Amino acid sequence: MSSRSSSSRSSSSRSSSRLGRSIALHLFLTPLALIWLFPLWMMVIFSTMPDRGIFSPSIELLPHGSFLDNVNNLQRDTNFIGAIGISVSVAVTYTFLSVLLTSMAGWALARYQFFGKGVVVAIILGTITLPYAVVLIPQFIMVARDFKLANTWVALIVPPLFNSLGVLFMRQSFSMMPGDLFDAARVEGVKEWRIFLFVALPLARPMLAALAIILFLASWNNYLWPLLINSKPGAMTAPVALGTLIGLTKVSWGGIMAGAVMLTVPMLVVFVLLQRHFVAGIAAGAIK
């Protein structure tokens, strides 16, 4: 009897300890979360204010009613809705192709033995250390001058397709899978491409989801490469279209804030809705 009561007290003590640690952790993290969210909230506030209100000396913390006016001004100056459509199309296409290519490369590096495999992995690792500015100008010269692909969707999508981190991430993911499963499929006469598509990829679904989120956000936020390779006003992505407002004689700061909200809030919503898959994929790819 005393043993049961002692065990009950010990369990209650552990529960109280966990509850105390959880409360302390929330008390510590909540102010940090509010500090991180405050600039985003001010961006939303500024998007609902007229230009003269944004530069008012008083601090406003509640929304106003000029959001639609700012959106209309933004649309009039940049055709921002069309630019968002281009960004969505480019990001979706890029994400699909890049996930497919990085998965194929990761599968080959994880499951096949070939001459120079270690050199290939070392080169891929080496490309991670290169700053993007180092390859930007040679890439632009090759695509625009040699291939004459400037102002095309191919130039927007194809050059950034290779993603070193994505290849290494998928290589790690496929390396964790049991090789006996794939050997059994080969014994049954299943072709290699069917093993990859119908056995390996379904097992890697959490990792693929995490990689897809990362690549989509990278394409959605990409500014420098679309700015360089595409100069047609009617074919600009949304970040580039928004950037064209800077430098005009009269800058519509309310329109810029409204555009920033239209670019940021949907991505935050998508991330919040898919964060479970994102965290699961990152954790699964990191544990071996």
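If you're matching positions, the sequence shown starts at 1 in full-length UniProt numbering and goes up one per residue. Glycine included, every Cβ here is placed at the ideal spot set by N, Cα and C. Keep in mind that this is a model prediction, so the values were computed, not measured.
The Cβ-Cβ distance between Phe67 and Ser47 falls below 8 Å.
If you draw a straight line from the Cα of Pro63 to the Cα of Gly254, it comes to about 13 Å. For the segment 219–267, the full-length alpha helix (DSSP H) segments reaching 4 residues or more read 224–229, 238–243 along the chain. For Val121, the closest alpha carbon among the candidates Leu168, Ile81, Leu227, Phe38 is that of Leu168. Pairing Met267 with Val88, the inter-Cα distance amounts to about 11 Å. Around the C-beta of Phe55, fewer than 16 other C-beta atoms lie within 10 Å, and the residue is accordingly described as exposed. Burial of Met170 is indicated by the presence of at least 16 other C-beta atoms within 10 angstroms of its C-beta. Here Val44 carries a helix assignment [DSSP, helix/strand/coil]. For Gln139, the uninterrupted alpha helix (DSSP H) run begins and ends at 132–140, by DSSP. Of the residues assessed, Phe38 falls on the exposed side of the cut-off, its CB having fewer than 16 other CB atoms within 10 angstroms. Asn73 is a Cβ neighbour of Ser252, given a cutoff of 8 Å. The alpha carbon of Trp225 has as its nearest neighbour, out of Val154, Ile123, Leu165, Trp41, the alpha carbon of Val154. Excluding residues up to 5 positions away in sequence, Ser87, Ala91, Met267 lie with their Cβ nearer than 7 Å to the Cβ of Trp220 in the same chain. Cβ-Cβ distances below 6 Å link Gly106 to Val167, Met170, Arg171, Phe174 in the same chain, with the five nearest sequence neighbours on each side left out; the list follows chain order. Ranked by Cα distance from Leu245, the options Ile256, Ala235, Thr237 are led by Ile256. Runs of alpha helix (DSSP H) with 4 or more residues, each lying fully within the segment 139–180, are found at 153–157, 164–175, listed in chain order. Secondary structure at Asn79: coil, using DSSP grouped into helix, strand and coil. In the DSSP annotation of this structure, the continuous segment of the alpha helix (DSSP H) that includes Ala122 starts and ends at 117–128. Bounds of the alpha helix (DSSP H) holding Ile195 are 192–195.
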